[in-house]
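Chains as they are written, first to last, in my numbering: chain C, -17 to 261; chain U, -17 to 261.
Idealized CB from N, CA, C, for every residue including glycine.
Quick notes on the structure that follows.
2 protein chains.
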Amino acid sequence: METIAENRCFGGEQGVHRHRSEACGGDMTFGLFLPDEARDGPVPVLWVLAGLTCTHENAMTKAAAQGWAAEQGIALVFPDTSPRGEDVADDEAFDLGKGAGFYVNATEAPWAPHFRMWDYIAKELPALLEAEFPLDMARQAITGHSMGGHGALTLAMSLPGRFRSVSAFAPIAHPTQSDWGRKQFAAYLGADESRWAAHDATLLMRDKGFDGPVLIDQGADDQFLDLLKPEALAEAMATRRQDGAFRMQKGYDHSYFFISTFMEDHVSFHAEALYADAR
Amino acid sequence: METIAENRCFGGEQGVHRHRSEACGGDMTFGLFLPDEARDGPVPVLWVLAGLTCTHENAMTKAAAQGWAAEQGIALVFPDTSPRGEDVADDEAFDLGKGAGFYVNATEAPWAPHFRMWDYIAKELPALLEAEFPLDMARQAITGHSMGGHGALTLAMSLPGRFRSVSAFAPIAHPTQSDWGRKQFAAYLGADESRWAAHDATLLMRDKGFDGPVLIDQGADDQFLDLLKPEALAEAMATRRQDGAFRMQKGYDHSYFFISTFMEDHVSFHAEALYADAR
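Here it is as structure tokens:
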């Protein structure tokens, strides 16, 4: 692992690190914010998964999460959204290929050799983080935006016991019924739709839910409401009596201005879960 | 004037606007954050001047200022750092030409026709803002980063009564004695160094100071300390008994991670001055 950058930030360190990834078959880059408390021992960690077209950098520079994380003594991980490199397949569309990994393990050509973002986020990166940094991997939480909200919700529900809490900003909530989902799942996972269900937050919420609190923020003026389908997830959460809240935020859109506005709430929400047995 | 974007943000609106600039002889773009209070009447305004290579967008997306401005009911203006367009002169170096206006009115070829950022920030843009938006121009404050810190300090000291308070993050503090200054002033203003003095914050501080509070934050691990020359400004402030504070921040560098860390302090500092006769 190679450290590319380290910047002091809210009393802690914002780092950027690069490493050889087996899951993705190439070099991967991630951001890691460590609060000052990490110098004294392992700290809880909040995963922040980004959306379409993003790299590790977008949320790290624009979501304004570090200040709140520093206040709570929580680390933040900012992974990339897809494999990278010249030998990695891509598509002209912004919503397929690089920058659009959709947090699945691709089984189809030409994607299968590198597009294994599920294994990367669920297995490889956590193992690396645990080995290299002062992180308390018994205290993890996860959030994300748009495609990253989809990733956060599907990972949290599919890995019971892994995350204490999950939140999302404007998640792609029902991808098996959306053009943000059907196209990508067909490409990455093949035509058999039964293999898509494990990657649909609404279907997972209907089927099993999440064993902890859930917080969803959705802008009412989001330009992508038709593709995100928040109403399906809201209905599934209510039907399951899922612990948590689905909030429709009047006037907000899909941008990082929306995310930064509500980031304090999300970090506080996760801190409560992460420190539930310690306070 | 044309509105390019509007995003709801911390209960207010983050807008981006484009207009024909006489001073710069072409189209100019700026960001304007209006807090919710602006719907009820004019609000105070804090100018945020950006550094080398920046456009109107950098501080608007990475400085994390809107949340604190919303809390204080203050508007934020994010101007561009130079004229733009195909007919505008440029240089291969990142620190001359586009993205490097240095907040002066150029008198020399090939810069003179467009590089009039002093007039743009001191005259044209304030007049446009007053005409078009609910801003209380009797309550203005100014801050900036690096080259923008230079701009904030020189404008504030040269326009007595205009700004209630001035602050800067890692300003170019003594450009007449730095390669960030000498090269640009020679290009924009010509070889006669007597014409440079009006654009040197340290010289202005020695000569007249600022009639209000000054706050300077400087990272101790800033990679550009040799070019910024903060010690000259600190000495000048202390010698003049200037109301204010010069803070050396251990471990911090020149990045937006440094800026966002201390933005809450700066917005609070300006709010105190902006509301001094109202609270």
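Query	Result
Minimum C-alpha distance to U:Leu34 - residue among U:His236, U:Asp247, U:Leu16 and U:Leu256	U:His236
Neighbour list for U:Thr37 in chain C, Cβ cutoff strictly below 8 Å	Correct list: empty, because the minimum Cβ distance to chain C is about 15 Å.
Separation of C:Ser64 from U:Asn40, as counted between CA atoms	25 Å
Chain U contacts from the segment 112 to 126 of chain C (Cβ-Cβ distance under 8 Å)	none
Contiguous alpha helix (DSSP H) assignments of at least 4 residues, all confined to the segment 208 to 243 of chain U	212 to 222
Burial state of C:Pro142 (16 or more Cβ within 10 Å)	exposed
Residue nearest to U:Gln122 in terms of C-alpha spacing, selected from U:His132, U:Ile103, U:Met129 and U:Ser128	U:Ile103
U:Ala152, buried or exposed, once every other Cβ within 10 Å from all chains shown has been counted against 16	buried
Nearest-angstrom Cβ-Cβ length linking C:Leu16 and C:Gly(-3), presumed shorter than 8 Å	7 Å
Counterpart residues of U:His(-1) in DSSP-defined beta bridges	U:Thr(-15) and U:Phe12
Assigned exposure category for U:Met139 - 16 Cβ within 10 Å defines buried	buried
Backbone CA spacing between U:Arg66 and U:Phe115 [nearest angstrom]	24 Å
Beta-carbon proximity list for U:Gly8, same chain, < 8 Å, skipping 5 on both sides	Arg2, Pro65, Arg66, Gly67, Asp69, Val70 and His96
First and last residue of the uninterrupted beta strand (DSSP E) at U:Phe167	It is not in any beta strand (DSSP E) - U:Phe167 instead sits in the alpha helix (DSSP H) that spans Arg164 to Leu171.
Distance between U:Gly226 and U:Val196 (C-alpha atoms, nearest Å)	4 Å
Spatial distance of C:Leu210 from C:Val25 (CA atoms)	33 Å
Contact check, C:His248 vs C:Ser128, beta carbons under 8 Å	no
Candidates C:Arg(-10), C:Gly(-6) and C:Asp118: closest to U:Tyr234 by CA position	C:Arg(-10)
Under 8 Å between C-beta atoms of C:Gly194 and C:Ala109	no
Contained alpha helix (DSSP H) runs [length at least 4] in the segment 6 to 75 of chain C, N- to C-terminal order	39 to 44 and 48 to 54
Residue closest to C:Arg286, alpha-carbon to alpha-carbon, out of C:Gly163, C:Gln205 and C:Met119	The requested residue 286 of chain C does not occur in the structure, where chain C is confined to residues -17 to 261.
Secondary structure of C:Phe251, DSSP reduced to three states	helix
Under 9 Å from the C-beta of C:Thr243: neighbouring residues of chain U	Arg(-10), Cys(-9), Phe(-8), Gly(-7), Gln48, Gly49 and Ala52
Integer Cβ distance of C:Thr85 from C:His132, believed to fall under 8 Å	Checking the sequence shown, residue 85 of chain C turns out to be Tyr, not Thr. Indeed they touch by this definition, with Cβ atoms about 7 Å apart.
Contact residues within the segment 199 to 222 of chain C, judged by C-beta distance below 9 Å to chain U	Gly201 and Asp203
Cut-off 7 Å between Cβ atoms - residues of its own chain near U:Lys190, not counting five sequence neighbours on either side	Met139
As assigned by DSSP and simplified to three states, the class of C:Arg(-10)	strand
Chain D residues whose Cβ lies nearer than 7 Å to that of U:Lys190	This model lacks chain D altogether, as its protein chains are C and U.
Cut-off 7 Å between Cβ atoms - residues of its own chain near C:Arg177, not counting five sequence neighbours on either side	Leu171
Span separating the alpha-carbon of C:Ala155 from that of C:Gln200	11 Å
Paired residues, beta bridge with C:Thr136 - DSSP	According to DSSP, which records beta bridges pairwise, C:Thr136 is partnered with nothing at all.
Partner residues on chain U for C:Tyr238, Cβ-Cβ distance less than 8 Å	Thr43
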